[in-house]
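Just so we're aligned, residue 5 is where the sequence shown starts under the numbering used here, counting upward by one.
Note that the Cβ used here is the ideal one computed from N, Cα and C, for glycine as well.
Since the structure is predicted, the reported quantities are computational estimates derived from the model, not experimental observations.
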Amino acid sequence: MKSRETALRLKRFEADEKSRNVLDLEAMIHDFEVMAHDLQRQIQAEEDRTGVRDPGHFAYSTFAKSAGQRLSNLDASISGLKEKLDAAVKDRDEALEQAEKAQDTTERNSGGMVHRNRDRDSGITA
């Protein structure tokens, strides 16, 4: 009986941990998207200030070039995090399903134990 409860607690802990992982990934993606938007705004402002919008032009701002590279890196990171998020969501859903099954199994088994114990205590035999 105790091992079932321990296994159930372990399943719940794993599901909670995977849920926290999903939330962390979502928060990181959101933060990166905010940073990317801010960089895009800074690039736009620099291009407006200089009047040169072509990164290949010799007079293109070095700040805008470096900000563009950072933006490209952020976009790559966001894509990678989204892939990790998809996998983490699947893992979380599987863990929640397993925890739910374990809960159902534990409830069914403990319910059966209560009936058998009650029958034994009352003298009823099957």
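What residues in its chain sit with their C-beta under 7 Å from that of residue i, if we drop five residues either side in the sequence?
i      : result
Arg16  : Ala103
Leu29  : Leu85, Lys88, Leu89 and Ala92
Ala106 : Ala11, Leu12 and Lys15
Thr66  : none
Asn113 : Arg8
Does the Cβ of residue i have 16 or more other Cβ atoms within 10 Å, making it buried, or fewer, making it exposed?
i     : result
Ala49 : exposed
Ala63 : exposed
Leu75 : buried
Ala69 : Per the sequence presented here, residue 69 reads as Lys, with Ala not at that position. Exposed.
Val38 : exposed
Arg96 : buried
Ala99 : buried
Lys22 : buried
Please return the same chain residues whose Cβ sits closer than 8 Å to the Cβ of residue i, not counting the five positions on each side in sequence.
i     : result
Asp79 : Ala40
Phe36 : Leu78, Ser81, Ile82 and Leu85
Asp42 : none
Asp58 : Tyr64
Val26 : Leu89, Ala92, Val93 and Arg96
What number of angstroms, rounded off, separates the C-alpha of residue i from the C-alpha of residue j?
i     : j      : result
Arg45 : Ile82  : 18 Å
Gly72 : Ala19  : 39 Å
Arg53 : Ile33  : 30 Å
Gly60 : Arg24  : 44 Å
Ser7  : Thr110 : 10 Å
Near residue i, what residues of its chain come up, given a Cβ to Cβ distance below 6 Å and the 5 sequence neighbours on each side ignored?
i     : result
Val56 : Ala63 and Tyr64
Contained beta strand (DSSP E) runs [length at least 3] in the stretch 48-76, N- to C-terminal order: Qualifying beta strand (DSSP E) stretches: none in this window.
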